[in-house]
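In the working numbering, the protein residues as written are 1 to 135.
Ideal Cβ placement from N, Cα and C applies to all residues, glycine included.
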C-alpha cells in the first residue's frame with residue numbers, strides 16, 4: 001500500500017515537471033518567435049532571412065510567423081550545414097522561474113531573449129548576448 005502511494009505521488013510529480021518543461025503551447029511559441037523576429041528585423045534592410053528548422057516543430061514550420069516587408073526562407077537541418085549565408089536558428093524554449101527564454105542567432109551573433117506573459121500577451125523581458133552558433 002505504501003509503495004502504491006509512493007508510486008502515485010512520484011508519477012504525479014514527474015508529470016507536473018514534464019508539463020512545466022513542455023507547457024508552452026504552439027501558439028505561445030509561434031507568438032514568441034514572431035516577437036523575436038519582429039524585434040530583430042523590424043528596421044533591417046534585408047529582404048530575405050534564412051531560418052533553420054532545427055528546434056522548430058512541424059506545426060510552427062507550416063504556419064510560420066510573418067514579418068512585415070521580409071520574406072522568411074526556412075532551411076532544413078540537413079541543408080543548414082554549410083548554407084551561405086549561415087541561417088539563423090532558434091534554440092529550445094526554456095522556463096526560468098516565471099520567464100520563458102529562447103536563443104536566436106546565427107554563426108556570427110546570438111542573443112538569448114526572455115519573455116514574460118502578462119495576461120494573454122507575451123512581452124519581452126530582456127536579452128543577453130550569447131556565443132555565436134557554430135556549425
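### Query
Taking buried to mean at least 16 other C-beta atoms within 10 Å of its own C-beta, is residue 26 buried or exposed?
exposed
### Message
Measuring only the C-alpha atoms, how far is residue 58 from residue 106?
### Response
21 Å
### Residues near residue 79 in its chain [Cβ-Cβ closer than 8 Å; skip 5 each side]
none
#### Entry: Under the three-state DSSP convention, the category residue 115 falls into
strand
#### Entry: Residues that residue 81 bridges to, as DSSP identifies them
None; residue 81 has no bridge partner.
### Opening and closing residue of the beta strand (DSSP E) in which residue 95 lies
94-96
### Query
Considering only C-alpha positions, which residue in the set 70, 62, 33 and 29 is nearest to residue 44?
70
### Message
Is there a C-beta anywhere in chain C that falls below 8 Å from the one on residue 72?
### Response
In summary, chain C is missing from the structure at hand, where a single protein chain is found.
### Query
What do you reckon, are the CB atoms on residue 60 and residue 38 nearer than 8 Å?
no
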